[in-house]
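Throughout the sequence shown, residue numbering follows UniProt numbering, covering 1 to 52 in sequence. No residue lacks a Cβ here, since even glycine has one placed at the ideal position from N, Cα and C. Reading through the structure tokens given below for one structure.
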Amino acid sequence: MGVPVVSPRRNGGHARAMSPQDFTLPDQAGQDWHLADHRDAATILVFYRGDW
Numbered sequence: 001m002g003v004p005v006v007s008p009r010r011n012g013g014h015a016r017a018m019s020p021q022d023f024t025l026p027d028q029a030g031q032d033w034h035l036a037d038h039r040d041a042a043t044i045l046v047f048y049r050g051d052w
């Protein structure tokens, strides 16, 4: 079984991800979570659909 590998672009750098527009979502405690508050940090968003 193979393992996916991300290789650098030909110019020696990595592709830069596009920045999403700011948005606000409630967290598990019901508090507002603003993407803009985490602008300088690596952020991964996981959306769980719930019951399939």
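For this session: Take Pro-20 and list the residues in its own chain whose beta-carbon comes closer than 8 Å to its own, dropping the five residues that flank it on each side.
Result: Same-chain partners within the cutoff: Leu-35.
For this session: Let me know the secondary structure DSSP gives Thr-43 once reduced to three states.
Result: Judged by DSSP in its simplified three-state form, Thr-43 adopts coil rather than helix or strand.
Exercise. Out of curiosity, what's the CA-to-CA distance linking Trp-33 and Asp-51?
Worked result: Here the alpha carbons of Asp-51 and Trp-33 stand approximately 23 Å from one another.
Exercise. How many angstroms separate the CA atom of Asp-37 from the CA atom of Phe-23?
Worked result: Between the alpha carbons of Asp-37 and Phe-23 lies a gap of roughly 10 Å.
Exercise. If you follow the beta strand (DSSP E) that Asp-51 is part of, which residue opens it and which one closes it?
Worked result: Going by DSSP, Asp-51 is part of no beta strand (DSSP E) at all; its letter is neither H nor E.
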